[in-house]
Structures are given as structure tokens and as C-alpha cells.
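A short worksheet on the structure shown next.
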Amino acid sequence: MAQFLIRKNASGHYWFVLKANNHKIVLQSQMYETDAGARKGIAAIKRDAADAVIVDETHKHSDRETNLDNYVD
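Offset between the sequence shown (1-based) and the numbering used here: plus 17.
Structure follows, in C-alpha cells:
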């Protein structure tokens, strides 16, 4: 099961990572001042990623958006 892991650095700032089922980190967040801020960041990812599209910026004239459903195994 994928997991969000909240971490804290020596300066007291929080961030989170998302680990996939294979235990590899697939996302690392920005730094947050508080644990609550990191938790809100996780909630935003969970909410917004459901409707995310792929915008391929590697092609010169690409403005196509692709629904992620096309890439789910």
C-alpha cells in the first residue's frame, strides 16, 4: 500500500514523501513550518490528484492534456 510519510528536519521544518507500493519515493513535498501544514499538503495532494491530467511540456507545440486514466495499470 502506498504511504505518505511525514518527516521533520533538524531545523524543525516538516515535509512529506509519498512512497509507492514498491517502497520507492515518488513524491517529495516542499517544507512546512508545522506538522499541520504538512498534513494539509497531503490532503491537497489526495484531493487534487484524483482529477490530474498530464501536460507534456517536452514537445515544442504541445498543449494537449491527457487524462491519467489512460496510464493506469
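Think of the CB as a built atom: it goes at the ideal place given N, C-alpha and C, for glycine as much as any other residue.
Where residue i falls, given that 16 or more other Cβ within 10 Å makes a residue buried
{"i": "A55", "result": "buried"}
{"i": "S46", "result": "buried"}
Option in the options with minimal Cα separation from residue i
{"i": "N38", "options": "I59, F21 and G58", "result": "F21"}
{"i": "I42", "options": "I23, A53, H30 and D52", "result": "I23"}
Residue i versus residue j: straight-line alpha-carbon distance, rounded
{"i": "H76", "j": "A66", "result": "23 Å"}
{"i": "E50", "j": "G29", "result": "8 Å"}
{"i": "H40", "j": "R64", "result": "22 Å"}
Whole-Å CB distance - residue i paired with residue j, under 8 Å assumed
{"i": "I59", "j": "F33", "result": "6 Å"}
{"i": "A19", "j": "L35", "result": "6 Å"}
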